[in-house]
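**Student:** Take this structure, written in structure tokens, and hold onto it; I'll ask about it next.
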């Protein structure tokens, strides 16, 4: 049996391919090696994997994860996965490669991730050929859920929110400025904390102009600081994976068009297309 997984910073989507061809889907939390230690990943998997999963019968794990962009970080995740899936060959790849394969298959083009974090690349049909560093959630990640959440929290702390939005925010979360600063500056996984507030923007349209402007300026920053710096970027279609890109796709499509790009695929999760990619690759080897 083979497992294919797409791991973001917040959530990992897994698909088990059984020996009789069935697909079994399940989720765990995300395991970004910049924020999650080997021990943490091992313990979380032991607690989160389905209890009826026959781990000893799994022969291969193809895991694509956020933060797995260097050999050191991939090795960190590989050690953790190998400690859990003890009978399997473990392959670790970057979630950006998963996005490119899911969005473009074996064809070349531009691919992006807009979820908890941000990433972008050019892809030649096999490998990533150009990647501008997103800067992660402190230095960059423009357009991501974390970036939108940070802008929302900043407006809340500074009193820039329209009063109707501020009242709803308080009623929903009961967070004081001290609470927010503690979560961001003293507790772990501040990126997830900030990204969680993008859902507030999506769910509540009590002030549509404010919410839409917040999202649009975030996507404009994404294009200004990342997308438009790729050579001849306008010759590619704009393809994107991730809950933030998918949920706010109307605004994203507008900003992409304003920047001279034709919109291609915008999907929530790569897992189905990624499974298809691996099944087709396996078929060609037979």
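Residue numbers (our numbering): 68 to 353.
Heads up, the beta-carbon is just placed ideally off N, CA and C, and yes, glycines get one too.
Could you check whether residue 294 and residue 177 sit closer than 9 Å to each other, using their CB atoms as the reference points?
**Tutor:** yes
**Student:** In the DSSP assignment, what residue or residues form a beta bridge with residue 127?
**Tutor:** 69, 156
**Student:** Helix, strand or coil: how does DSSP classify residue 236 here?
**Tutor:** helix
**Student:** What runs of the alpha helix (DSSP H), each 4 residues or longer, lie entirely inside the segment 243–325?
**Tutor:** 244–252, 257–262, 265–270, 275–292, 310–314, 316–325
**Student:** Hey, out of 309, 223, 136, 341, whose CA is closest to residue 243's CA?
**Tutor:** 223
**Student:** In whole angstroms, what is the alpha-carbon distance linking residue 187 and residue 332?
**Tutor:** 14 Å
**Student:** Does the segment 148–164 touch the segment 118–137, meaning 3 or more C-beta pairs lie closer than 8 Å?
**Tutor:** Taking a contact to require three or more Cβ pairs closer than 8 Å, the segment 118–137 and the segment 148–164 qualify as touching.
**Student:** List the endpoints of the continuous beta strand (DSSP E) containing residue 213.
**Tutor:** Not the beta strand (DSSP E): residue 213 falls in the alpha helix (DSSP H), residues 212–225.
**Student:** Determine the contact status of residue 48 and residue 271, defining contact as a CB-CB distance below 9 Å.
**Tutor:** Residue 48 lies beyond the stretch modelled for the chain, which goes from 68 to 353, so this question has no answer here.
**Student:** Any contact between the segment 311–320 and the segment 338–347? By contact I mean 3 or more CB pairs, one from each, below 8 Å.
**Tutor:** no
**Student:** Give me the DSSP bridge partner(s) of residue 94.
**Tutor:** 80
**Student:** Could you check whether residue 116 and residue 144 sit closer than 9 Å to each other, using their CB atoms as the reference points?
**Tutor:** no
**Student:** Taking the CB atoms as reference points, tell me whether residue 289 and residue 185 lie closer together than 9 Å.
**Tutor:** yes
**Student:** Closest by CA to residue 86, which one among 127, 100, 247?
**Tutor:** 127
**Student:** Excluding the 5 residues preceding and the 5 following residue 336 in the sequence, name in chain order all residues of the same chain whose CB lies nearer than 6 Å to its CB.
**Tutor:** Contacts found: 80.
**Student:** If you draw a straight line from the alpha carbon of residue 251 to that of residue 164, how long is it in whole angstroms?
**Tutor:** 29 Å
**Student:** Less than 9 Å between the C-beta atoms of residue 170 and residue 334, yes or no?
**Tutor:** yes
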